[in-house]
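In this text, residue positions in the sequence shown follow our numbering: the first is 8, and each later residue adds one. Every residue, glycine too, gets a C-beta built ideally from N, C-alpha and C. Just so we're clear, the structure is a prediction, and the values are computed from it rather than from any experiment. Below: one structure, written as structure tokens.
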Amino acid sequence: MHELSLAQGLVKQLLQLATEHHADRVVKATVRIGPLAGVVVDSFCFGFDAVKSMSSVTRETILELDCPPAVYRCPACGWEGEVCRPANVLCPGCGIQGRTFPVGDDDLILQQVELEGDDETLSGSEQKEGK
Ligand SMILES: [Zn+2]
8 MHELSLAQGL VKQLLQLATE HHADRVVKAT VRIGPLAGVV VDSFCFGFDA VKSMSSVTRE
68 TILELDCPPA VYRCPACGWE GEVCRPANVL CPGCGIQGRT FPVGDDDLIL QQVELEGDDE
128 TLSGSEQKEG K
């Protein structure tokens with residue numbers, strides 16, 4: 008399952024970040040899913056919830072998703088916008104059928120992470136005070 012392995016990768020990344028910053032918990036993770044990533048967001052959230060519970064570091068992590076819509080462009084006239092069925096839609100600009108191509112990215116990017124630990128600031132300082 009594609010989404011589950013993506014979720015596993017994300018949790019792994021979060022755990023690594025938490026270790027690097029000596030954080031005890033990951034409070035929030037903001038992830039951007041590119042319009043062409045082909046990720047089923049619901050499945051991804053479900054997978055993330057399943058995987059995150061395996062570690063106390065990520066158990067309470069709030070997942071925030073940023074999913075920009077796919078935008079299509081017509082190479083003939085330069086029209087750009089959102090279309091529902093890109094494969095056979097008529098270009099609203101010039102009327103040529105099936106000539107709109109997707110513009111966007113297929114990346115799944117971890118944009119922002121909120122960590123919480125003994126050192127409240129976690130601003131890159133290495134100090135960790137009493138436990
Ligand atoms: Zn066109």
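In its chain, beyond the 5 residues on either side, 121, 123 have a beta carbon closer than 6 Å to the beta carbon of residue 34.
CA-to-CA, the gap between residue 108 and residue 73 works out to about 22 Å. Inter-residue distance for residue 81 and residue 56 is about 39 Å (C-alpha atoms, whole angstroms). DSSP assignment within the region 57-94 yields the following whole beta strand (DSSP E) runs of 3 residues or more, N-terminal first: 69-73, 78-80.
Taking a 10 Å sphere around the C-beta of residue 40, we find 16 or more other C-beta atoms and assign the residue as buried.
Annotation: residue 9 to residue 16 spans about 11 Å, alpha carbon to alpha carbon.
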